[in-house]
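Quick notes on the structure that follows.
Residue numbers (this note's numbering), protein chains in the order written: chain G, 2 to 519; chain F, 33 to 353.
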């Protein structure tokens, strides 16, 4: 994967030259240049707000640059719209999949360019072709099925297959692996290598540094709207990339490490949370988890193993048919989130956008939302008490908002996540359930969130952690409960909490008989 | 960057739309009053103002309840039928005393709200479907209760609520003023108001945060039902008879119009109480202005349609950002 010396580069496909873009006084892009060459995978990285998204939007016609040029195959181009860019051969795969969930896989793949016969859509041919194309991308499904029935990973493959089918010369991938599980990531990498072999140029945006080193040939680092570094991927190391992105010096990054978890915490003996034999028609078979004060218990498993379902069942958001949840020995009423919260269990949900933030409410309103009845008398809002709590958490979690009155949807992902964390913490929980607490947030915010989790555990909070990043899961957890197909299939303790041990536990776990029958 | 960036894109259009949405309806009311005063000599006369109040208040009261429902991303089509139901109940129970009959009319509105809210909260029925069923069923029920012909109502308390004064101002206006204050207080000063907006903005997130989602939903439909019943009682008093077959027809649509024109988005998460008041007043003024100039009712409807589209466009322009 080492790239050739710079003199011997393939032809440039897409050249972005000296692009500037301002939004009423804010320089989103300042004199940004980037050259994409045929058959190269080019990493584009930077913290949230560095200008990556704006650059992509300029390159794909969603925004018009204030100045600068875009050249495709040497010709000056201006795209009036993303559609025009797509027709010219620039396809974008977004984090959120832009397909039609209710339509079949085949229809999605051929949307707007269906094979026709006698003027009508030739369904048979479409399905046949779709199956063949998708096999190449490692997706073996019945193309007649509605897209939404596929896993997220498979849906993404359909999106990529569609992009490539459109004769793309440039494919832009924005955090393509954020919702994929490990196996799917491997498939994606296979696909990317095939695209590269076909001479397609790829812009690869990701927060996951490991991936960049595996798959990318070149790297461009952005910070504050400028390009601060451009080189072959092999010419930089991980530490240097992080320091470039953050604009901090290397020593500081070394000291902080790649995650912000510390090794030792004091764990008490008696569990505060005891979830026993949770069974749900939708995906859990007798799952039991205990957590002690001061302990972080990781839930390991692949996508669909039942990790999210487990924490949702504990907090009463997933209906369970049997099983019990005890907090400090007292049984919590099943299937009631208010009861679980009252008992001291709070969930930070995986999907921040659809289940976390209340977008039109302010930062203040979002933070105190759940605790409101506790700090109010007779249902009347108490402004000074709210302010007290909000000020405390804004400082403690370093939430960056223009004011507590700012609408939460205007914040960056990392700050939104901190608002969510603040909402959970002002309930004074005994048990905190964290489902992918650092997904899709930038490196700096991630380290801050991890440090907060660490501190909370030190203060005696019991934490359940779900993370699809092995590194985070392993370094953060004192113990890992391994799930597969809704069953607990193992547990890693002490020195066994390593990435290798987890992976072999996942691989070795006997295939269960499947979900409970009923 | 994108969040900030997107918001700053095309600031002028954004700002104009924001201003239009926030203050447009008030400006429109002032403008219409100015035009009517300038053109017609008697617009500000006491008798004309009274006419406008009598016409605007029942819709305004219904719209207040509707605004709460819409704030939860719901809709209540049953309000017109609840008006009919309340109208049917009044003469039926007047024999037990006027306050008893009023209480039963209000209770009927509350029960209708419990049914609608229950279907929405527990049955997960879409609000439009649940209240559409009630809209049809309750109207029939009201006509059965009353019989086919309208009944005269002469009870002085009821009639005074409709046409009488208190301190020189129609009693109806006092009722409306109190209800506006109550709703404004609920929305802005109570935990309930905060929870209502949260549920309307993101129901799944509200549930995960442990909010009493079902309770909030049921309460807003109950408030809407009770407010519609109040409007029904006022209409009976104003008319001097109860006519469930014809009372409250299309009130659900007028109320929704007032709410939307007042700047409350149909997508939930926000309730504009004073805006709703202005919306109801504005729609009444439009109608009065056009009548004053002898413009046919059919043209009036076209104008109203244009206003609704304009209001929704202004709301969308901002929501899309």
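Glycine included, each C-beta is placed from N, C-alpha and C at the ideal position. Note that the coordinates shown come from a computational prediction; the quantities given were computed from them, not determined experimentally.
If I follow the unbroken beta strand (DSSP E) through residue i, where does it start and stop?
i	result
residue 69(G)	68 to 73
residue 480(G)	480 to 485
residue 58(G)	Residue 58(G) -> not in any beta strand (DSSP E); alpha helix (DSSP H) instead, spanning 53 to 60.
residue 22(G)	13 to 24
residue 28(F)	Residue 28(F) falls outside the range modelled here, since chain F spans only 33 to 353, and no answer is possible.
residue 132(G)	Note, residue 132(G): premise wrong, no beta strand (DSSP E); alpha helix (DSSP H) at 124 to 137.
residue 221(G)	219 to 224
Considering Cα atoms alone, identify which of the options is closest to residue i.
i	options	result
residue 244(F)	22(G), 380(G), 494(G)	380(G)
residue 483(G)	505(G), 464(G), 472(G)	505(G)
residue 228(G)	323(G), 217(G), 439(G), 21(G)	21(G)
residue 93(G)	57(G), 124(G), 103(G)	57(G)
residue 241(F)	455(G), 327(G), 428(G)	428(G)
residue 331(G)	155(G), 343(G), 310(G), 322(G)	343(G)
residue 362(G)	175(F), 55(F), 234(F)	234(F)
residue 13(F)	338(F), 299(F), 210(F), 213(F)	Because chain F is modelled from 33 through 353, residue 13(F) falls outside the range shown and cannot be assessed.
residue 220(G)	499(G), 352(G), 35(G)	35(G)
residue 23(G)	32(G), 10(G), 213(G)	32(G)
residue 461(G)	119(G), 430(G), 173(G), 404(G)	430(G)
residue 140(G)	287(G), 192(G), 112(G)	192(G)
residue 212(G)	117(G), 391(G), 179(G)	179(G)
residue 39(G)	16(G), 59(G), 271(G)	16(G)
residue 121(F)	329(F), 135(F), 109(F)	135(F)
residue 173(G)	269(G), 290(G), 417(G), 37(G)	37(G)
residue 143(G)	114(G), 119(G), 107(G)	107(G)
residue 12(G)	118(G), 445(G), 73(G)	73(G)
residue 290(G)	267(G), 316(G), 283(G)	316(G)
residue 273(F)	99(F), 50(F), 186(F), 154(F)	186(F)
residue 278(F)	319(F), 171(F), 125(F)	171(F)
Please tell me whether residue i and residue j are closer than 8 Å, where the distance is taken between their beta carbons.
i	j	result
residue 189(G)	residue 181(G)	yes
residue 260(F)	residue 115(F)	yes
residue 149(F)	residue 283(F)	no
residue 420(G)	residue 364(G)	yes
residue 1(G)	residue 163(G)	Because chain G is modelled from 2 through 519, residue 1(G) falls outside the range shown and cannot be assessed.
residue 176(G)	residue 443(G)	no
residue 465(G)	residue 422(G)	no
residue 202(G)	residue 170(G)	yes
residue 274(G)	residue 292(G)	yes
residue 204(F)	residue 85(F)	yes
residue 55(G)	residue 84(G)	no
residue 477(G)	residue 357(G)	no
residue 306(G)	residue 486(G)	yes
residue 174(F)	residue 117(F)	yes
residue 62(G)	residue 86(G)	yes
residue 346(F)	residue 56(F)	yes
residue 437(G)	residue 467(G)	yes
residue 238(F)	residue 359(G)	yes
residue 223(G)	residue 52(G)	yes
residue 250(F)	residue 153(F)	yes
residue 374(G)	residue 391(G)	no
Just reading off the alpha helix (DSSP H) that residue i is part of, what are its end residues?
i	result
residue 90(F)	78 to 103
residue 271(G)	No alpha helix (DSSP H) holds residue 271(G); DSSP gives it neither H nor E.
residue 409(G)	Careful: residue 409(G) lies outside any alpha helix (DSSP H) and carries neither H nor E.
residue 214(F)	203 to 221
residue 44(G)	No alpha helix (DSSP H) holds residue 44(G); the beta strand (DSSP E) holding it covers 42 to 46.
residue 290(F)	283 to 293
Legend entry - Touching by the beta-carbon criterion (3+ pairs, under 8 Å), the stretch 325 to 336 of chain F and the stretch 263 to 277 of chain F: No contact exists between the stretch 325 to 336 of chain F and the stretch 263 to 277 of chain F.
Legend entry - Within 8 Å of chain G by C-beta, residues of the stretch 289 to 314 of chain F in sequence order: So the list reads 301, 302, given in the order they occur along the chain.
Inset, instruction - Please name the residues in the stretch 140 to 157 of chain F whose beta-carbon is closer than 9 Å to at least one beta-carbon of chain G, in chain order. - result: Within the stretch 140 to 157 of chain F, no residue qualifies.
Legend entry - contact_flag[the stretch 302 to 317 of chain G, the stretch 278 to 288 of chain G] where n(CB pairs < 8 Å) is 3 or more: Between the stretch 302 to 317 of chain G and the stretch 278 to 288 of chain G there are three or more C-beta pairs closer than 8 Å, enough to call the two in contact.
Inset, instruction - Identify each residue in the stretch 378 to 397 of chain G for which the Cβ-Cβ distance to at least one residue of chain F is less than 7 Å, and report them in chain order. - result: Those would be 380, 381, 382, in chain order.
Inset, instruction - Could you please tell me which residues of the stretch 87 to 110 of chain F, in chain order, have their CB closer than 9 Å to any CB of chain G? - result: Considering only beta carbons, no part of the stretch 87 to 110 of chain F lies closer than 9 Å to chain G.
Legend entry - Contact list for the stretch 349 to 374 of chain G against chain F, Cβ threshold 8 Å: Residues are counted here when their Cβ sits less than 8 Å from a Cβ of chain F; for the stretch 349 to 374 of chain G these are 350, 355, 356, 357, 358, 359, 360, 361, 362, 366, 370, 371, 373, 374, given in chain order.
Legend entry - Residues in the stretch 232 to 245 of chain F having any Cβ partner in chain G nearer than 8 Å: Cβ contacts with chain G come from 233, 234, 236, 237, 238, 239, 240, 241, 242, 243, 244.
Inset, instruction - Assess, as a yes-or-no matter, whether the stretch 327 to 341 of chain G is touched by the stretch 391 to 400 of chain G under the definition of 3 or more beta carbon pairs within less than 8 Å. - result: Touching, no.
Inset, instruction - Mind checking the stretch 202 to 233 of chain F against chain G and listing, in chain order, the residues whose C-beta falls within less than 7 Å of any C-beta there? - result: So the list reads 221, 222, 223, 224, 226, 229, 230, 233, given in the order they occur along the chain.
Legend entry - Validate contact between the stretch 215 to 228 of chain F and the stretch 368 to 387 of chain G using beta carbons, cut 8 Å, 3 pairs: Three or more beta-carbon pairs separated by less than 8 Å link the stretch 215 to 228 of chain F to the stretch 368 to 387 of chain G, which places the two stretches in contact.
Legend entry - Three or more C-beta pairs below 8 Å linking the stretch 77 to 91 of chain F and the stretch 303 to 316 of chain F: Yes: the two stretches touch, three or more of their Cβ pairs being nearer than 8 Å.
Inset, instruction - Taking a Cβ distance cut-off of 7 Å, strictly less, list which residues of the stretch 325 to 342 of chain G are near chain F, in chain order. - result: Residues 338, 339, 342.
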